[in-house]
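The sequence shown maps to residues 9 to 479 in my numbering. C-beta: ideal position from N, C-alpha, C; glycine also. The model shown is predicted, which means the values in this text are computed figures rather than measured ones. Working notes, beginning with the structure itself.
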Amino acid sequence: MIHISKSQSAISLQRIFISGLTVVLSLGIGGCKAGKEQAMQPPIVPVRLKTVEYATLIDSTEYVGTLQAKDRVSLAPRIQGRILEIFASEGDRVSRGQPLIKLEPTQEQENVNAATQTVNVEKSRLGQNQAELRTAEANRAAAAAEVESAKAEVQDLGSAVELAQINIDRTKMLVKGGALAQQNLDNDNRQVKSSIAQLKSQKETLNAAIKSLEAAEKQVDQASANISTQNATIKRTEAELASTSQNLAFNTINAPIDGILGSFEQKKVGDYVNVGDELTTITNNQDFDLNINIPVENRDRLKLGLSVETVNQDGSPGAAGKITYIAPLVQQTTQSILTKVVFPHQGNLKDQEYVRVKVIWDEKPGILVPTTAISTLGGQDFVYVAREKQSQSPESTEKQGSVSAQASSPSLIAEQHSIKLGSIQAQDYQVISGLKQGDRIAVSNILNLRNGAAIQPAEEKQTVSEALLKD
């Protein structure tokens, strides 16, 4: 049996108490140290990341241009008169050929009546000329008959003279031979002389008939010429009548194009209008010419076919068109070059409207980053690029049994990268250098980031305690 004194028992209990207290203090001090180290770690910043990809970089310049409808006309009367009726209202969409305004054509009606009377007079003269032609043709026919008759008579008389000559020769021989008396020869001589005289007279008659025929033919020619002249006169007067009648038809003003009817501000029903007075307009907003004055500094970059797009109020692109005309001369007052762009109908464009437009000089592949991702320090632009980094704290290797000491450093950190920026393109900056395709950059919570700061993608955001529990 072993006997233990009270003093030894007390000492033993004291040692046990001190040993236990030491263990408790050691645990407490170790726990406090671990908590302090955990509290000193920087917080993980949640950010949204965007992967850099190639996009289209646009080299452009913004200007203000003026829209001009390709089809726009002013309605003005081609005759004078009083407005009797207006068939359409301002703002109506009208079609080509649709009647719009009716005038009272008093003077034009009088002109038509006078022109009609002139045509009738000239047609009456044509009838007279035609009667003269018929008379001349009848005279020519009679003269031609007389010529033929005279020619036949001359021929007969010529034959008679020849026969008489033959008889004289025969009679002379018989008289000389004593077969006939001298009296017979004398009778034959008288007969020859008579036939010759008749032949001469008939030839004169033939010449007179030929002259009459020639005169008749001239009368026919003159009558035909008169008819031709009169026909031309009738055609001229009929053309004048048609023109005057057309002017009478101008009492109704029709729409020359499709479009929107303007307002009747100056003239109303009952007002008297003169030729050329503007009554209203018709505008077709289907196609536009956009006039842009390009400064001469960019004349070497101007070329037909360049793309141009309107810019909406929010900065987004609107209608797209192409440069179709470049003025050959520089405007001296503005030192600019007038260019025209054709725009199709977009529904929201109006004639004579001022619009912001962007002339696109060039397009090429490159990198765009959101403006929200850019930070500036000391005049230098930079972005935060996400990098992988995983390491263990020294305490975690020494104290594998402690849950708090096993916390790992974050897998992503924000690394500050200097970049060179180009111009703004919509809501993005063009990046000239400093980034490459595939880089992941922070696009949110930029103000809370520092170089080397721990980051967590927003969609993977978790608390430190959740991370410890998972470990």
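- For isoleucine 87, no beta strand (DSSP E) encloses it, and the DSSP letter there is neither H nor E.
- Under the DSSP assignment, isoleucine 109 falls in the beta strand (DSSP E) whose first and last residues are 107-112.
- DSSP places proline 373 in the uninterrupted beta strand (DSSP E) bounded by 362-378.
- For serine 271 and serine 232, the gap between their C-alpha atoms comes out near 59 Å.
- Taken through DSSP and simplified to helix, strand or coil, leucine 346 comes out as strand.
- Contact between leucine 65 and lysine 372 holds, since their C-beta atoms are separated by about 5 Å, short of 8 Å.
- In the three-state reduction of the DSSP assignment, glutamine 321 falls in the coil class, being assigned neither a helical nor a strand state.
- Annotation: phenylalanine 351 to alanine 84 spans about 28 Å, alpha carbon to alpha carbon.
- Non-local C-beta neighbours of isoleucine 463 in its own chain, meaning closer than 6 Å and more than five positions away in sequence, comprise Val53, Val55, Leu420 and Ala422, ordered along the chain.
- In the three-state scheme derived from DSSP, where H, G and I count as helix and E and B as strand, valine 200 is classed as helix.
- Around the C-beta of proline 325, fewer than 16 other C-beta atoms lie within 10 Å, and the residue is accordingly described as exposed.
- In the structure shown, leucine 337 adopts coil according to DSSP, grouped into three states.
- Taking a contact to require three or more Cβ pairs closer than 8 Å, the region 309-324 and the region 261-281 do not qualify as touching.
- Between valine 277 and arginine 86, the C-beta gap is not smaller than 9 Å, which leaves the two residues out of contact.
- Around the C-beta of aspartate 229, fewer than 16 other C-beta atoms lie within 10 Å, and the residue is accordingly described as exposed.
- The Cβ atoms of isoleucine 300 and leucine 357 lie no closer than 9 Å to each other.
- Inclusion of serine 253 and isoleucine 302 in the CB contact set at 9 Å is not warranted, their separation being larger than that value.
- Remark: C-beta atoms of isoleucine 368 and aspartate 67 approach each other more closely than 9 Å.
- Contact check between the region 184-194 and the region 125-143: fewer than three CB pairs, one atom from each, fall below 8 Å, which does not count as touching.
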